[in-house]
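Engineer:
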Amino acid sequence: MGGLQKKKYERGSATNYITRNKARKKLQLSLPDFRRLCILKGIYPHEPKHKKKVNKGSTAPRTFYLLKDIRFLLHEPIVGKFREYKVFVRKLKKAYGKTEWSSVERLKENKPAYKLDHIIKERYPSFIDALRDIDDALCMCFLFSTFARTGKCHVQTIQLCRRLTVEWMNYVIASRALKKVQLHTHPTDVDYRVMATFTEFYTTLLGFINFRLYHSLNLLYPPKLDVKAESELKEENDDDYAMNSESYLEKLSALSASLARVVSTAEEDEAELDQFPVDGEDMANMEAREKEQKQEEAQKKLFEGLKFFLNREVPRESLAFLIRCFGGEVSWDKSVCIGSTYEVKDETITHQIVDRPNIDKQYINRYYIQPQWVYDCVNAKIILPVEDYFLGVTLPPHLSPFVEEKDGDYVPPEKLKIMALQRGEKPAHEQEDEEEEEEEDEEEEEEEEEDDNEEEGDDGEEAEEKNLKKMEEQRSQVKVTAGKVKVENPARLEQEEKAEEKRLAIMMMKKKEKYLYDKIMFGKKRKVREANKLAAKRKAHDDAEKSKKKARK
Amino acid sequence: MEWYRDFPHIGYNLDGKKIYKPIRNKDELDDFLDKMDNPDYWRTVPDKQTGSDVVLSDEQVQLVNRLQRGQFGDANFNEYEPQVEFFSRDVMLHPVTNRPADKRSFIPSLIEKEKVSKLVHAIKMGWIKPRRVEDDSRGRYYDLWANEDSSILARHKMHLPAPKIPLPGHQESYNPPPEYLFTDEERALWEQQDPCDRKLPFVPRKFSSLRQVPAFSRFIHERFERCLDLYLCPRQRKMRVNVNPEDLIPKLPKPKDLQPFPTTQSLVYRGHSGLVRSISVSPSGQWLASGSDDGSVRFWEVCSSRCLKTVQVGGAVKSVAWNPNPSVCLLAVALDSVVLILSPSLADRQVVLSSERLLSAPQEADANEGAGPVTWSETEGEELNHGIRLKIQHPKAVQQVSWHAKGDYVASVMPDHSSNLQVLIHQLSRRRSQNPFRKNKGLVQCVSFHPVRPYFFVGTQRSVRIYNLVKQEMTKKLQANSKWISSMAVHPGGDHVICGSYDCRLSWFDLDLSTKPYKMLRHHKKAVRGVAYHRLYPLFASASDDGTVIVCHGTVYNDLLQNPLIVPVKVLRGHEITHDLGVLDVTFHPTQPWVFSSGADATIRLFT
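These protein sequences, in sequence, are chains B and A.
Each residue of the first sequence is one higher than the last, beginning at 1 in the UniProt record's numbering.
Each residue of the second sequence is one higher than the last, beginning at 1 in the UniProt record's numbering.
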């Protein structure tokens with residue numbers, strides 16, 4: 001046969017991938033630099049479909065990058081900056097070694113720096129794309145803003161993170177965009193360089209997003225407090241903070257004052273949805289959407305008209321953020337944080353949030369409640385009854401708003417209760433005990449009934465025995481008696497038939513499909529089993545509680 | 001002084017005698033007491049020169065204080081005396097010095113020039129960059145997406161966005177509902193498991209109030225792991241199969257539309273005391289013969305389930321087969337190493353006579369008798385009265401007998417691994433036996449004649465061989481794809497074969513299609529013991545050790561292009577499983593859509 005012999009691994013998937021080391025060599029970067037580049041550019045390894053083919057027959061564990069990605073990195077201007085930085089460090093070291101302080105200074109002045117704007121634009125061509133990835137950025141920035149300003153990371157980074165997160169929270173308050181909230185808990189060797197690189201990227205991203213968001217609401221960026229609020233705040237304590245910039249950030253982070261707008265007429269009318277004449281199916285959709293929107297509007301004004309006061313033991317920032325997001329007014333003790341707007345003594349306060357078993361001095365015209373009430377109200381989208389959240393009361397469970405139960409999943413009874421409240425049914429809270437008692441009575445009655453039934457059953461058996469005896473007697477004289485017509489339930493018969501048909505059809509499945517089918521069914525069954533287990537656990541718990549209550553009585 | 005550190009003296013006097021150190025035997029306690037008692041303790045200083053303590057005088061203390069404060073030692077020294085200016089900005093008439101100016105103050109410095117030129121050169125060469133203008137654009141934001149143009153294409157199609165971290169559920173709440181908290185067992189289990197096997201990476205905890213919730217200690221770790229996942233974790237696109245399980249179930253014609261087929265158990269034939277290995281229905285459909293391990297062959301009337309006749313044959317019956325020729329009434333019975341030909345005389349006189357005639361056919365050509373491995377003998381006395389007419393003695397244990405459609409030939413199987421003497425064909429009319437194969441590969445399990453053509457099917461352990469008896473050659477070898485074939489049945493049309501195997505499979509072969517099975521049915525849970533085709537209806541049945549008989553509809557089309565339609569229509573239950581054996585044999589009624597099955601529970605059942 002003629003023609004050139006085909007060589008292995010010169011076409012196909014082997015040519016689409018490149019190992020990490022090769023990629024690094026191609027880019028002429030050290031491993032940390034390569035890592036940083038990958039983080040900034042969002043390049044990640046790919047798992048090839050046929051690893052052995054890509055690995056040229058070897059089964060050694062290697063990470064593969066797409067060759068396309070690496071080629072794309074070749075044109076990145078930041079790579080040049082990395083190299084410059086490397087050179088800079090070398091020169092600096094040399095200058096230090098020679099104790100040439102003037103050149104050290106000169107070099108330090110000319111330290112190469114890079115900007116990430118173009119990378120952000122490239123990774124997120126549209127604003128929506130950027131918003132999609134904001135969760136990681138926010139988490140990271142919030143984490144960094146909590147770090148102590150010593151060692152490990154640059155103080156500037158921490159300050160920047162703090163600034164950005166505060167800006168973000170202020171935006172959310174201004175736009176009232178918060179929907180759900182959950183408190184969760186669960187209980188080093190961490191490479192801070194990696195995290196710092198991520199943070200570098202995320203801060204840039206978050207900054208641009210904040211800018212855009214502020215402008216979408218006609219707010220000034222960087223944020224400025226309202227003139228009125230600013231003057232009020234200024235009067236109080238200007239002397240406590242040495243640095244003006246710092247105090248301004250603190251004031252912002254107090255989250256208690258509204259922000260200055262570009263256009264001073266702050267009240268802009270909500271753009272109402274235009275009504276288009278639509279017909280049939282769309283109508284229902286439209287209605288549903290309108291309803292949803294109305295609900296959202298109502299949720300935004302959840303705490304409007306309420307005045308909160310935070311005691312010093314509650315998490316101030318989170319609660320202030322929440323309450324302000326839903327239109328409430330909030331204040332705290334002056335010594336806790338800058339930016340408190342009214343005192344405890346204010347008579348118009350409606351709710352005071354306290355997280356201790358009891359409080360000495362209580363005002364009559366306000367509710368003293370535990371902080372969970374605020375979170376639960378936000379999730380339920382309604383003002384929940386405050387009785388369950390009074391001081392010293394055992395709190396109802398705090399549920400996650402992110403769980404969306406499909407039919408067949410386990411729904412905790414608390415959620416059902418909240419859903420009933422949302423539907424506008426009256427809270428059957430006080431009648432519960434009575435009902436329970438009634439239920440118990442009913443149960444007892446039922447038990448009695450069951451006993452009766454059993455007795456009846458015994459009767460039946462006896463009757464059967466009698467019949468049998470009779471039959472035996474009759475057997476000697478063979479005789480045909482008229483049979484009873486079996487009453488068959490046609491619906492049930494049909495169901496059974498269907499079930500059998502299905503069983504038979506399953507027998508004829510192909511092996512592959514059967515495997516898949518079995519797997520799906522197994523998953524379904526497991527789900528049901530888990531739901532049942534939870535329900536059983538709950539029932540056992542409730543029973544135990546009930547018996548305890550009874551014992552106490 | 002340090003030279004004398006280790007010596008008891010601190011020097012020598014003028015006479016060259018040692019000057020001894022004063023004796024110092026103060027310990028810490030003495031020192032302390034001294035400190036308490038002595039009012040001059042604070043001004044007592046050890047003198048290194050003499051080794052003795054010196055109490056400082058008031059002047060000395062004052063001097064020390066002044067020096068410590070950075071003042072002059074002399075208290076009387078005035079440091080702020082008015083300055084006398086020798087040089088002033090006013091030009092005096094007389095110069096202070098009359099020295100002429102240096103030359104270097106007139107001409108530019110060479111050294112400086114050299115330095116400057118070096119700098120200039122460095123700037124020219126780009127070694128020194130001019131001081132950079134402070135760039136404060138870092139950290140200054142603007143509307144990056146001001147002109148969003150879709151021309152910047154999104155990532156290439158291989159881009160896989162990272163999956164989001166799942167949002168916290170009820171368990172992660174600080175105050176979860178009580179059912180989400182771990183019980184003691186669950187907690188123990190959780191602690192035992194490897195961290196990677198755990199379903200939840202944490203133990204749900206309940207706090208009675210928000211105040212008691214500690215800081216989230218794993219926050220940094222969690223974020224760090226997320227970072228690592230984002231840039232280090234290889235990504236792969238996994239196609240999640242999102243199918244409705246109902247769609248996977250094949251759409252088959254409804255069994256209702258494929259009637260008639262047996263649906264209910266209508267009769268049970270009781271009487272045997274051992275497991276019933278084999279059953280056979282007479283060609284007229286009136287009689288049923290069964291052979292059991294209790295050493296008897298019983299004849300039943302099909303419609304009334306009455307046992308008409310019992311023949312004790314003295315050995316576990318392995319196989320019974322009714323002569324398919326309707327004009328004779330004969331039964332072949334295999335037990336131990338004998339094949340018996342019974343004439344049960346359960347038919348018309350005419351038929352009985354014709355079968356008698358067949359059996360008493362002239363014996364001729366006994367030439368090779370004796371030389372062959374088989375001896376034919378007629379029975380006498382008691383046995384004759386029972387209807388046993390002929391005894392064919394084999395050299396080895398016989399497993400199965402099978403009639404030719406014409407009713408003159410009967411084949412018997414003696415499984416013996418790779419022996420050439422495993423299958424024998426006997427001709428009744430001439431009382432002759434022959435071994436059709438010179439050699440036999442494998443262990444023969446069952447044999448069958450083709451219903452129409454002169455073909456002979458031999459089922460071995462793994463395959464079915466088809467021989468042309470006229471041409472005396474093998475025409476086909478069917479690969480069953482199963483470990484051990486147990487039974488075989490040939491379609492009345494002759495173009496299809498089903499094989500049951502001990503590894504729970506039933507394979508359907510289409511002889512025109514391929515030597516591989518057209519369809520493998522894995523609907524039995526245990527070994528398949530018997531299979532049967534119906535002679536008239538498109539039905540076949542399989543009996544298995546799981547106690548069920550599964551009846552399937554199997555239409556065979558005359559059109560060669562259309563594959564047979566196979567639909568399971570009914571699972572028949574009734575037999576009890578005894579000693580891990582369920583249903584042992586199955587056979588159809590020749591004319592009605594009825595199926596008989598015999599089981600290890602010593603019963604035979606009729607399903608109609």
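Where a beta carbon is used, it is the ideal one built from N, C-alpha and C, also for glycine.
None of these values were measured; they are calculated from a predicted model.
#1: Taking Cβ positions only, does TRP145(A) come closer than 9 Å to chain B?
#2: Mapping the DSSP letters down to three states, classify THR19(B) as helix, strand or coil.
#3: Please decide whether PHE64(B) counts as near chain A, where near means a Cβ-Cβ distance under 9 Å.
#4: State buried or exposed for ASN242(A), treating a residue as buried only when at least 16 other CB atoms are found within 10 Å of its CB.
#5: Under 9 Å Cβ-Cβ, which residues of chain A neighbour PRO397(B)?
#6: Whole angstroms are fine: how far does the CA of LEU513(A) sit from the CA of GLN312(A)?
#7: Measuring alpha carbon to alpha carbon, tell me which residue in ILE165(A), ARG465(A), LEU384(A), GLU85(A) is nearest PRO423(A).
#8: Rounded to whole angstroms, what is the Cα-Cα separation between GLU28(A) and PHE147(B)?
#9: If I measure Cβ to Cβ from PHE303(B) and keep anything under 7 Å in the same chain, skipping five residues before and after, which residues do I get?
#10: Near ASP451(B), which residues of its chain fall below 7 Å by C-beta distance, leaving aside the five closest residues on each side in sequence?
#11: Give a yes or no on whether the C-beta atoms belonging to TYR214(B) and LEU206(B) are separated by under 9 Å.
#12: Measure the C-alpha to C-alpha separation of GLN269(A) and ARG306(A) and round it to an integer number of angstroms.
#13: Using only the alpha-carbon positions, how far apart do ILE128(A) and LEU131(B) sit?
#14: Between the region 235-254 of chain A and the region 169-187 of chain A, do at least 3 Cβ pairs fall closer than 8 Å?
#15: For ARG131(A) and chain B, any beta-carbon pair shorter than 9 Å?
#16: Given a threshold of 16 other Cβ atoms within 10 Å of its Cβ, counted over all protein chains shown, does HIS386(A) qualify as buried or as exposed?
#17: Against chain A, with Cβ distances strictly below 9 Å, would THR15(B) count as a contact?
#18: Could you confirm whether any beta carbon from chain B is found closer than 9 Å to the beta carbon of residue 613(A)?
#19: Closer than 9 Å, Cβ to Cβ, to anything on chain A: give me those residues from the region 492-507 of chain B, in chain order.
#20: Between the Cα of SER88(A) and the Cα atoms of VAL96(A), PRO82(A), GLU81(A), which residue gives the shortest distance?
#21: Here's the rule: buried if 16 or more other CB atoms are within 10 angstroms of the residue's CB, otherwise exposed. What is MET414(A)?
#22: Out of TYR202(B), TRP168(B), TYR124(B), state which residue places its alpha-carbon closest to the alpha-carbon of PRO157(B).
#23: Using CA atoms only, rank isn't needed, just tell me which of ASP143(A), SER284(A), ASN468(A) is closest to ARG453(A).
#24: For LEU516(B), return the contacting residues in chain A, with the cut-off set at a CB-CB distance below 9 Å.
#25: Measuring CA to CA, which of SER419(A), PRO492(A), PHE456(A), LYS471(A) is closest to LEU443(A)?
#26: Using only the heavy atoms of the ligand NAD, determine whether one of them is closer than 8 Å to the beta carbon of LEU66(B).
#27: Please report the residue range of the alpha helix (DSSP H) in which ALA491(B) lies.
#28: Can you give the beta carbon distance from PRO492(A) to PRO451(A), rounded, assuming they're within the 8 Å contact cut?
#29: Using a Cβ-Cβ cutoff of less than 6 Å, which residues in the same chain neighbour GLU435(B) once the five nearest sequence positions on both sides are dropped?
#30: Please determine, among ILE392(A), HIS159(A), VAL84(A), the residue with the shortest C-alpha to C-alpha distance to ALA332(A).
#31: Indicate the three-state DSSP secondary structure (helix, strand or coil) for THR70(B) in the structure shown.
#32: CB GLN400(A) to CB LYS477(A), shorter than 9 Å?
#33: When you check each C-beta in the region 559-591 of chain A against every C-beta of chain B, which residues fall closer than 9 Å?
#34: With 9 Å set as the bound, which would you pick, yes or no: does the beta-carbon of GLN193(A) sit closer than that to a beta-carbon of chain B?
#35: Just how far apart, CA to CA, sit ARG163(B) and ASN16(B)?
#36: With distances taken from CA atoms, which of PHE77(A), GLU2(A), LEU67(A), MET92(A) is nearest THR50(A)?
Structural biologist: Looking at the atomic coordinates:
#1: In the second sequence, counting from the first residue as 1, residue 145(A) sits at position 145. TRP145(A) counts as touching chain B.
#2: Residue 19(B) sits at position 19 when you count from the first residue of the first sequence. Three-state DSSP puts THR19(B) in a strand.
#3: Here residue 64(B) refers to the residue found at position 64 when the first sequence is read from its first residue. Yes - at least one Cβ of chain A is within 9 Å of the one on PHE64(B).
#4: Here residue 242(A) is taken as the residue at index 242 of the second sequence, counted from 1. Looking at its Cβ environment, which holds fewer than 16 other Cβ atoms inside 10 Å, ASN242(A) is exposed.
#5: Sequence index remark: in the first sequence, residue 397(B) carries index 397 (1-based). Under the 9 Å cutoff, chain A gives HIS170, SER173, ASN175, PRO176, PRO177, PRO178, TYR180, LYS206.
#6: Here residue 312(A) refers to the residue found at position 312 of the second sequence. Here residue 513(A) refers to the residue found at position 513 of the second sequence. Looking at the two C-alpha atoms, the distance is approximately 46 Å.
#7: By one-based count along the second sequence, residue 423(A) stands at place 423. Looking at the sequence provided, one finds Val at residue 423(A) rather than Pro. Among ILE165(A), ARG465(A), LEU384(A), GLU85(A), the Cα nearest to that of VAL423(A) belongs to ARG465(A).
#8: Within the second sequence, numbered from 1, the residue matching residue 28(A) stands at position 28. Within the first sequence, numbered from 1, the residue matching residue 147(B) stands at position 147. Cα-Cα distance, rounded: 48 Å.
#9: By one-based count along the first sequence, residue 303(B) stands at place 303. Only ILE323, PHE326, GLY327, GLY328 meet the Cβ criterion.
#10: Taking the first sequence and counting its residues from 1, the one referred to as residue 451(B) is at position 451. With a pLDDT of only 43 at ASP451(B), under the threshold of 50, the placement of this residue in the model should not be trusted; the figure read from the coordinates follows. For ASP451(B), where only same-chain residues beyond five positions count, there are no Cβ hits under 7 Å.
#11: Walking along the first sequence from the start, residue 214(B) turns up at place 214. Walking along the first sequence from the start, residue 206(B) turns up at place 206. No, these two residues do not count as a Cβ contact at 9 Å.
#12: By 1-based counting over the second sequence, the position of residue 269(A) is 269. By 1-based counting over the second sequence, the position of residue 306(A) is 306. The sequence shown places Tyr at residue 269(A), not Gln. TYR269(A) and ARG306(A): Cα-Cα distance of roughly 7 Å.
#13: Locating residue 128(A) in the second sequence gives position 128, counting from the first residue. Locating residue 131(B) in the first sequence gives position 131, counting from the first residue. Between ILE128(A) and LEU131(B), the C-alpha separation is close to 43 Å.
#14: no
#15: Within the second sequence, the letter at position 131 stands for residue 131(A). So yes, ARG131(A) belongs to the interface.
#16: Position 386 of the second sequence, counted from the first residue, corresponds to residue 386(A). Counting Cβ neighbours within 10 Å, HIS386(A) comes out buried, since at least 16 surround it.
#17: Translated into positions along the first sequence, residue 15(B) becomes position 15. No, no contact with chain A.
#18: Outside the displayed range of chain A (1 to 608) lies residue 613(A), so it cannot be described from this structure.
#19: GLU497, GLU500, GLU501, LYS502, ARG503, LEU504, ALA505, ILE506, MET507
#20: Along the second sequence, one-based indexing puts residue 88(A) at 88. For SER88(A), the nearest C-alpha among the options comes from VAL96(A).
#21: Position 414 of the second sequence, counted from the first residue, corresponds to residue 414(A). Result: buried.
#22: Within the first sequence, the letter at position 157 stands for residue 157(B). According to the sequence displayed, residue 157(B) carries Thr and not Pro. Ranking the options by Cα distance to THR157(B), first place goes to TYR202(B).
#23: If you number the second sequence from 1, residue 453(A) lands on position 453. Comparing Cα positions, the closest option is ASN468(A).
#24: In the first sequence, residue 516(B) corresponds to position 516, counting from 1. The answer, in chain order, is VAL241, VAL243, PRO245, LEU248.
#25: In the second sequence, counting from the first residue as 1, residue 443(A) sits at position 443. LEU443(A) has its Cα closest to that of SER419(A), out of SER419(A), PRO492(A), PHE456(A), LYS471(A).
#26: As for the ligand NAD, it is missing from this structure, which has no ligand bound.
#27: Residue 491(B) sits at position 491 when you count from the first residue of the first sequence. That run of the alpha helix (DSSP H) goes 490-507.
#28: Translated into the one-based positions of the second sequence, residue 492(A) becomes position 492. Translated into the one-based positions of the second sequence, residue 451(A) becomes position 451. Confirmed, about 6 Å.
#29: For the purposes of this step, residue 435(B) is identified with residue 435 of the first sequence, where counting begins at 1. Only weak support is given to the placement of GLU435(B): the predicted model assigns it a pLDDT of 42, under 50, and the value that follows is read from those uncertain coordinates. Closer than 6 Å at the Cβ level, and outside the excluded window around GLU435(B), lies no residue.
#30: The residue labelled residue 332(A) in the question sits at position 332 within the second sequence. Nearest of ILE392(A), HIS159(A), VAL84(A) to ALA332(A), Cα basis: ILE392(A).
#31: Locating residue 70(B) in the first sequence gives position 70, counting from the first residue. Inspection of the sequence shows that residue 70(B) is occupied by Ile rather than by Thr. If DSSP states are grouped into helix, strand and coil, ILE70(B) belongs with the helices.
#32: Position 400 of the second sequence holds residue 400(A). Position 477 of the second sequence holds residue 477(A). Their beta carbons are not under 9 Å apart, which means GLN400(A) does not touch LYS477(A) by this criterion.
#33: ILE566, VAL567, PRO568, VAL569, LYS570, VAL571
#34: As a first step, residue 193(A) is located in the second sequence; it is residue number 193 there, counting from the start. So, not an interface residue.
#35: Counting from 1 along the first sequence, the entry for residue 163(B) is found at position 163. Counting from 1 along the first sequence, the entry for residue 16(B) is found at position 16. Cα to Cα, ARG163(B) sits roughly 43 Å from ASN16(B).
#36: By 1-based counting over the second sequence, the position of residue 50(A) is 50. The shortest C-alpha separation from THR50(A) is found at GLU2(A).
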